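Residue numbers are given in numbering that gives the first Met the number 0: position 100 of the sequence shown equals residue 99, and the series is strictly consecutive.
Quick notes on the structure that follows.
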Amino acid sequence: MIKVDRVIANLYDDAKSYSNCKIDVLQLEWYDTTKRILRMLTDGGREIAIHHLAQDQLFHGDILHQEGKNIIVVQIIPGPCIVFQPLSFKDMAIVCFEIGNKHIPVFINKDKEVIIAFEEPLYQFLKRGGFKPRKEDRIIERTSTLMIHKWSSSGQVISLASK
């Protein structure tokens, strides 16, 4: 078993350095990328144990292990998603408020697309609201999420209400 406690690099940030390497893929669902403890098999049949990574999450292309010219790389499995682009900040606020009330994770990518794991009732709700949602298979990466329950080591408390 291979034990991992940190990410070495990301394959897509430095593809030239790893072009001659043999890649063994560790396939993960998007919701597994923030788990602090994982024990899984790679596509090559190697057992890997991930324990308390220094970073908050794993990303598509993260290199977890290197042994000579052999590397183990994270591959996030594409899944069905609802994708749409709000036309205004007001639309964005309305949609995020409504989705947040359902306690469904909302992701926003660099193209300002809102991405949500597919749920038929939510898809129909967005259609009725005129938001023009699309159903697509996407890799969900937590590029812009609000980490509500993340504890700060500084001990400072953030308050939304004034005293």
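Virtual Cβ for every residue (Gly too), placed ideally from N, Cα, C.
All values derive from a computational prediction rather than experimental measurement.
Taking the C-beta atoms as reference points, Ile75 is found no nearer than 8 Å to Leu63. Taken in chain order, the unbroken stretches of beta strand (DSSP E) that lie wholly in the stretch 44-98 and span 3 residues or more are 46-50, 61-66, 69-75, 78-83. Contact check for Cys80 against Phe117 passes: the beta carbons are separated by less than 8 Å. Per DSSP, Arg35 lies in no beta strand (DSSP E) and is assigned neither H nor E.
Contact check for Glu46 against Ile7 fails: the beta carbons are separated by 8 Å or more.
Leu40 carries a strand assignment under DSSP once its states are collapsed to helix, strand and coil. Under the three-state reduction of DSSP output, Lys15 falls in the helix class. Check the Cα spacing between Phe106 and each of Val82, Leu86, Gly128, Lys89: the tightest is with Val82.
Measuring C-alpha to C-alpha distances from Asp12 to each of Ile93, His59, Met91 identifies His59 as the nearest. Nearest to Ala53 by alpha-carbon distance, out of Gln26, Val3, Ile138, Gly44, is Val3. A Cβ-Cβ contact shorter than 8 Å links Ile138 with Pro77. Separation of the CB atoms of Leu57 and Met39 is rounded to 11 Å, and the pair is thereby denied contact status at 8 Å. For Arg35, the closest C-alpha among the options Arg5, Gly67, Pro104, Asn108 is that of Arg5. Tyr122 and His50 have their C-alpha atoms some 36 Å from each other.
In this chain, the alpha helix (DSSP H) harbouring Glu119 covers 119-127. At least 8 Å separates the beta-carbon of Asp42 from that of Asn9. Gln84 and Pro104 have their C-alpha atoms spaced approximately 16 Å apart.
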